[in-house]
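Trainee:
2 protein chains.
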Amino acid sequence: MTVDFSGPVPELALDVDRSADVPLGRQVQDTLRSAIRSGRVRSGERLPSSRQLADQLGVSRGLVVSAYEQLLAEGYVVTTVGSGTRVADSVTAAVTSTPSDAVEVDSARLGPVPHIDFGYGVPDLRAFCTRDWLWALGDAIRTMRTADLGDGAVEGDPQLRAVLAGYHRRVRAGSVDAAHTIVVAGFRQGLTFVLSALAGHGIEWIGLEDPGPGDHDQIARRAGLRVSAVPVDADGIRVDRLRATGARAVLLTPAHQCPTGAVLSPARRHELVQWAHEVDGVIVEDDYDVEFRYDRQPVGSLQGLAPERVVALGSVSKTLAPALRIGWVFAPPRFRADILTEKRLSCRGVPHLDQAALARLIQTGRFDRHLRKVRVSYRQRRDTLVSAVAESIAGATITGLDAGHHALLRLPPGVDEEHAVAHARAAGVAVRGVSDYRVTPDDGAPRDPFPPALVIGFGNVTIRQIREGIGVLGRLAAARR
Amino acid sequence: MTVDFSGPVPELALDVDRSADVPLGRQVQDTLRSAIRSGRVRSGERLPSSRQLADQLGVSRGLVVSAYEQLLAEGYVVTTVGSGTRVADSVTAAVTSTPSDAVEVDSARLGPVPHIDFGYGVPDLRAFCTRDWLWALGDAIRTMRTADLGDGAVEGDPQLRAVLAGYHRRVRAGSVDAAHTIVVAGFRQGLTFVLSALAGHGIEWIGLEDPGPGDHDQIARRAGLRVSAVPVDADGIRVDRLRATGARAVLLTPAHQCPTGAVLSPARRHELVQWAHEVDGVIVEDDYDVEFRYDRQPVGSLQGLAPERVVALGSVSKTLAPALRIGWVFAPPRFRADILTEKRLSCRGVPHLDQAALARLIQTGRFDRHLRKVRVSYRQRRDTLVSAVAESIAGATITGLDAGHHALLRLPPGVDEEHAVAHARAAGVAVRGVSDYRVTPDDGAPRDPFPPALVIGFGNVTIRQIREGIGVLGRLAAARR
């Protein structure tokens, strides 16, 4: 990729040696030629103006002009009116060029880019509140104190922390103060910090939902924990099985289990809190997908039930956009110092302007307005999904539709999950099988079987894409049987 | 801190039970009263409108209005025209309130806030290019693809990576491609990833400059490495002493040593690269403070000298503002996969909008324009510092002034470093002693002594503050002798 620097181009670091025998003019030519030949400036990229380079090297402008004329004659550079001197297209850099970078390599390995993507966890990116976000950034930058451009408090912007805590108390029936709220760069970073803090507090084993969110087993091991797999059913995590593992910590998605979509039942919630009290345990609550509910009353955060036993984490990745990279941790006081140490030593902080913008977005009601807007379209997509499955895939069932923007499609008998995923991809439909969400435990215990199923994310697909994509899956299933 | 939600306030999660014997109206009253008493909604915070709450609970509006009237009569809420119903000031939440959060606690522990802060590493925050940054954000958000609001490539925005690599080749005489450029959330995060990758490649010991940047010994240990302390002198790190440690990796600040300000001499640069080849070693280059040079020709990046042996890291924390949290890693191909795994599992990415904005800022020349502007004021501050020290502190010397915005002030004989720091703070001048920058090694080897000195950051202080602050230090030194 040619980098087309415009305006005053960045300085080109070159050197001349006044004590050398070689004349300065020759030195300028040589150093420029070698910068081009070595690939430091590449085909199509602009060279500094003769005035700029002369100033930088402390030589006369005429001397630089002569050097450029020589390089022009040699074919290294071309000159265009109004666009200065550029490295000629024909120049082949001595260094090995790697024009196609790894992004392209990776996508090539994964086959053709699908035109319908049922990827898990992606909200409606087209609906992102661009205007409101820019407004919030502008308002933040105009009203922030100068000192807020510095390193800032490790725990995050005080105003955002107060807003997040207040919001969690109101909307999630939580019980938390700004003092115990820590801003992080998304859920995953918060999880890394929290699990490291648990390991530092003597926790050795953690139970993970199986199936559950991808990579969490790896993240737990990196934090120094060992992993047990705990099965889930239609009521969420099996607390009896958690108890049997002997683990003193658990990580779960109670509001809308990932990937099954089950909502943790009231009985299980009480059983879980009871378990935590009995084993002196810690519940790590991935409090996501709570903003989009369809068929049921709000389910409060577990954190509100047992604030001293629950660490709750949230983010804006599934409500606004993953690219924002803002999340939060509500932690009991005893874990706070360790989480902050993790944060301080591993990354220092989250961009302050983004934090200030999010505080404003929430506080002025723009965040809720956005949620109300997208909730309507998620409900439509969900209803479309239900009817499309009923019409197109005989023998399939779809569950986990009470909240959020993903659901679990159980395949008809006789249809192989891996086969369905591969053939769907070949037909331009990206979807993942539930086997991608299985946990790799450290205790060697056999995992419960889980029936073949596909995880269908419907947050970032249109009504039409849902019908078309489910149609493709239906034809594959019919052909297979 | 009261959170003053404006606009349509966020939903207040409340529940009624239609199967219970208690009348619905009473239930609404009870659940509201308990939300207030438990501190979920606090004094001064707004309650939902009666219409909003009635919709949410699926009850008649009149029923909610009656409940609000009852709470008004009981003194729980107050009503103001045009501002809705708020929780009364007199209500004391049942939960223990922690109004003064930890930020305030921490600053209280550190004593009075100084009015002159010679803190290390902070650029001129008042000079931050607010308008250009907002322009870049706006341009980015208008031109980004919708998909860029998703998770994005782990290595970072392709355009920013190309711009950073191109800039490093031009300005730092580096030798790097976009393919080997990884965007990170600031230097510290990049360092964490790089050191973990080194540990994964069988590196066990790393040499750190002593004195050197704070916390790096802790960060190295957390990444699984053991630390040797390597002394620095006026030519930078002592490569002979590095060699003696037996370490196969080194982390250093060659362009402007932190905190002494020494520039790594040409002889040492060659010796260092030689060492790396001999021991199959890795040089981790903290390539900072290169943008501000005063007395000497540009010093190229070590990365350009030995691309296969050097991992170079940079950030905008000392050129634009620490609050932006954007940095980069240029890594030899063999470390790339491990660094990306670290990034993927520990945080996923850097806010995409900020990445796209930085690419635009650099590519359009606005970044360089900013550098030219602040370079002038840093030079003035530097000159002021030199003359203020000469005038005000008899027997002191100041070194490390060839680049950057910090320098080392060696205290006159007889003046104790710790005493000077404490008394300066009491007089409103924040400054740190060089002993704060000493490394704690793991090899038990005795560290070389280092003479008493203060680290003077002059990036974020005015000319007047420099004169005044150095005057304070001079009076303290004179009184002490």
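If you're matching them up, the sequences are chains W and B in order.
Throughout, this note's numbering is defined as the position within the first sequence, counted from one, plus 4.
Throughout, this note's numbering is defined as the position within the second sequence, counted from one, plus 4.
Glycine included, each C-beta is placed from N, C-alpha and C at the ideal position.
So Thr403 (chain B) is in the beta strand (DSSP E); what residue range does that whole segment cover?
Mentor: Here residue 403 (chain B) is taken as the residue at index 399 of the second sequence, counted from 1. Segment 401-403, the beta strand (DSSP E) holding Thr403 (chain B).
Trainee: Using 8 Å as the cut-off, can you tell me whether the region 75-94 of chain B makes contact with the region 46-59 of chain B, which would need three or more C-beta pairs spanning the two stretches below that distance?
Mentor: yes
Trainee: Considering only their Cβ atoms, is the gap separating Ile287 (chain B) from Ala497 (chain B) smaller than 9 Å?
Mentor: Since the first and last residues shown for chain B are 5 and 485, residue 497 (chain B) lies out of range.
Trainee: Can you say whether Ala233 (chain B) is buried or exposed, counting buried as having 16 or more other CB atoms within 10 angstroms of its CB?
Mentor: By one-based count along the second sequence, residue 233 (chain B) stands at place 229. Ala233 (chain B) comes out buried.
Trainee: Can you list, in chain order, the residues of its chain with a C-beta nearer than 6 Å to that of Gly463 (chain B)? Leave out the 5 residues immediately preceding and following it.
Mentor: For this step, residue 463 (chain B) is matched to residue 459 along the second sequence. So the list reads Val126, Pro127, Asp128, His409, once near-sequence residues are dropped.
Trainee: Only counting the same chain, and skipping five residues up and downstream in sequence, which positions put a Cβ closer than 7 Å to that of Val7 (chain B)?
Mentor: As a working note, residue 7 (chain B) is residue 3 in the second sequence. Excluding sequence positions up to five before and after Val7 (chain B), its CB lies within less than 7 Å of the CB of Glu49, all in the same chain and listed in chain order.
Trainee: Report yes if the CB atom of Leu357 (chain W) is closer than 9 Å to the CB atom of Ala327 (chain B), and no otherwise.
Mentor: As a working mapping, residue 357 (chain W) is identified with position 353 in the first sequence. As a working mapping, residue 327 (chain B) is identified with position 323 in the second sequence. Yes, the pair counts as a contact, with Cβ atoms nearer than the cut-off.
Trainee: Out of B:Gly190, B:Ile223, B:Ala426, state which residue places its alpha-carbon closest to the alpha-carbon of Gly318 (chain B).
Mentor: Your numbering for residue 318 (chain B) matches position 314 in the second sequence. With distances taken between CA atoms, Gly318 (chain B) lies nearest to B:Gly190 out of B:Gly190, B:Ile223, B:Ala426.
Trainee: Output needed in chain order: residues of the region 174-201 of chain W with a Cβ under 7 Å from some Cβ in chain B.
Mentor: Answer set for the region 174-201 of chain W: Arg174, Val175, Arg176, Ala177, Ser179, Asp181, Ala182, Ala183, Ala189, Gly190, Arg192, Gln193, Thr196.
Trainee: Quick one, which residues of the region 459-483 of chain W are near chain B if we go by CB-CB under 7 Å, in chain order?
Mentor: none
Trainee: Could you tell me whether the Cβ of Gln307 (chain W) comes closer than 9 Å to any Cβ of chain B?
Mentor: Here residue 307 (chain W) corresponds to residue number 303 of the first sequence, with the count starting at 1. Not one beta carbon of chain B lies nearer than 9 Å to the beta carbon of Gln307 (chain W).
Trainee: Residues in its own chain within less than 7 Å of Pro235 (chain W) by CB, not counting five upstream and five downstream?
Mentor: Counting from one through the first sequence, the residue named residue 235 (chain W) turns up at place 231. Excluding residues within five positions, the ones whose Cβ falls inside 7 Å are Asp214, Arg242, Arg245, Asp452.
Trainee: Specify, as a first and last residue, the run of the alpha helix (DSSP H) that His119 (chain W) falls within.
Mentor: Position 115 of the first sequence holds residue 119 (chain W). No residue range can be given for His119 (chain W), since it is assigned to no alpha helix (DSSP H) and is classified by DSSP as neither H nor E.
Trainee: Mind checking who Phe191 (chain B) pairs with in its DSSP beta bridge?
Mentor: On the second sequence, position 187 is the one that residue 191 (chain B) refers to. The partner list for Phe191 (chain B) (beta bridge, DSSP) is empty, contrary to what the question assumes.
Trainee: Residues in the region 317-343 of chain B with C-beta within 7 Å of chain W's C-beta atoms, listed in sequence order?
Mentor: Ala325, Pro326, Ala327, Leu328, Arg329
Trainee: To be precise: take each residue of the region 124-138 of chain W, compare its Cβ to all Cβ atoms of chain B, and keep it if any distance is under 8 Å. Which residues remain?
Mentor: Val126, Leu129, Arg130, Phe132, Thr134, Trp137, Leu138
Trainee: Tell me whether the beta-carbon of Pro385 (chain B) lies closer than 9 Å to the beta-carbon of Ile474 (chain B).
Mentor: As a working note, residue 385 (chain B) is residue 381 in the second sequence. As a working note, residue 474 (chain B) is residue 470 in the second sequence. Reading the sequence as shown, one finds Arg at residue 385 (chain B) and not Pro. With respect to the 9 Å criterion, Arg385 (chain B) and Ile474 (chain B) are not classified as neighbours on the basis of their beta carbons.
Trainee: Within 8 Å, do at least three Cβ pairs link the region 128-139 of chain B to the region 391-403 of chain B?
Mentor: no
Trainee: Helix, strand or coil for His260 (chain W), going by three-state DSSP, please let me know.
Mentor: Position 256 of the first sequence, counting from 1, holds the residue named residue 260 (chain W). In this structure, His260 (chain W) counts as coil in the three-state DSSP scheme.
Trainee: Can you list, in chain order, the residues of the region 350-363 of chain B whose Cβ is nearer than 8 Å to any Cβ on chain A?
Mentor: The structure shown contains no chain A; the protein chains it does contain are W and B.
Trainee: Would you kindly work out how many angstroms separate the C-alpha atoms of Pro118 (chain B) and Ala428 (chain B), rounded to a whole number?
Mentor: The residue labelled residue 118 (chain B) in the question sits at position 114 within the second sequence. The residue labelled residue 428 (chain B) in the question sits at position 424 within the second sequence. CA-CA distance, Pro118 (chain B) to Ala428 (chain B), rounds to 9 Å.
Trainee: Residues of chain B with CB under 7 Å from Phe122 (chain W), in chain order?
Mentor: On the first sequence, residue 122 (chain W) is found 118 positions in, with the first residue counted as 1. Within 7 Å Cβ-Cβ: nothing; Phe122 (chain W) doesn't reach chain B, min ~14 Å.
Trainee: What's the C-alpha gap between Ala457 (chain W) and Leu256 (chain W)?
Mentor: Position 453 of the first sequence, counting from 1, holds the residue named residue 457 (chain W). Position 252 of the first sequence, counting from 1, holds the residue named residue 256 (chain W). Going from the Cα of Ala457 (chain W) to the Cα of Leu256 (chain W) covers about 20 Å.
Trainee: By the 9 Å beta-carbon criterion, what residues does the region 209-229 of chain B contribute toward chain W?
Mentor: Asp219, Gln222, Ile223, Arg226
Trainee: What residue range does the beta strand (DSSP E) around Ser319 (chain B) cover?
Mentor: Residue numbering aside, residue 319 (chain B) sits at position 315 when the second sequence is read from its first letter. Segment 314-319, the beta strand (DSSP E) holding Ser319 (chain B).
Trainee: Please tell me whether Ala271 (chain W) has its Cβ less than 9 Å away from any Cβ of chain B.
Mentor: As a first step, residue 271 (chain W) must be located in the first sequence, where it is residue number 267. Closer than 9 Å: no.
Trainee: Please compile the residues from chain B whose C-beta is within a distance smaller than 9 Å of the C-beta of Gln367 (chain W).
Mentor: Along the first sequence, read from residue 1 onward, the residue named residue 367 (chain W) stands at position 363. What Gln367 (chain W) touches in chain B: Val7, Asp8, Phe9, Ser10, Gly11.
Trainee: Determine the burial state of Tyr298 (chain B): buried for a count of at least 16 other Cβ atoms within 10 Å of its Cβ, exposed for fewer.
Mentor: Along the second sequence, one-based indexing puts residue 298 (chain B) at 294. Exposed is the call here.
Trainee: Kindly identify the DSSP beta-bridge partner or partners of His410 (chain W).
Mentor: The residue given as residue 410 (chain W) occupies position 406 in the first sequence. DSSP output for His410 (chain W) lists W:Gly461 as bridge partner(s).
Trainee: Only counting the same chain, and skipping five residues up and downstream in sequence, which positions put a Cβ closer than 6 Å to that of Arg252 (chain W)?
Mentor: Looking up residue 252 (chain W) in the first sequence gives position 248. Counting only Cβ-Cβ distances below 6 Å, and skipping sequence neighbours, we find Ile207, Val283, Gly285.
Trainee: What residue range is occupied by the uninterrupted beta strand (DSSP E) comprising Ala24 (chain B)?
Mentor: Along the second sequence, one-based indexing puts residue 24 (chain B) at 20. Unbroken run through Ala24 (chain B): none, as it is neither H nor E.
Trainee: Using only the alpha-carbon positions, how far apart do Asp105 (chain W) and Arg130 (chain W) sit?
Mentor: In the first sequence, residue 105 (chain W) corresponds to position 101, counting from 1. In the first sequence, residue 130 (chain W) corresponds to position 126, counting from 1. With a pLDDT of 41 at Asp105 (chain W), under the threshold of 50, the modelled position of this residue cannot be trusted; read the value that follows with caution. If you take the alpha carbons of Asp105 (chain W) and Arg130 (chain W), they lie about 27 Å apart.
Trainee: Am I right that Phe334 (chain W) and Gln307 (chain W) are in contact with their C-beta atoms under 8 Å? What's the rounded C-beta distance?
Mentor: For this step, residue 334 (chain W) is matched to residue 330 along the first sequence. For this step, residue 307 (chain W) is matched to residue 303 along the first sequence. Distance from Phe334 (chain W) to Gln307 (chain W) at the Cβ level is roughly 6 Å; contact confirmed, criterion being Cβ atoms closer than 8 Å.
Trainee: According to the neighbour-count rule (16 or more other Cβ atoms, all chains shown, within 10 Å of its Cβ), is Gln278 (chain W) buried or exposed?
Mentor: Along the first sequence, read from residue 1 onward, the residue named residue 278 (chain W) stands at position 274. Gln278 (chain W) is exposed by the Cβ-count criterion.
Trainee: Can you tell me whether DSSP reads Val438 (chain B) as helix, strand or coil?
Mentor: Here residue 438 (chain B) refers to the residue found at position 434 of the second sequence. Under the three-state reduction of DSSP, Val438 (chain B) is assigned to helix.
Trainee: Report the residue from B:Gly461, B:Thr368, B:Glu15, B:Gln222 whose alpha carbon sits nearest the alpha carbon of Ala144 (chain B).
Mentor: One-based indexing of the second sequence puts residue 144 (chain B) at position 140. Looking at the Cα atoms, B:Thr368 is the closest of the given residues.
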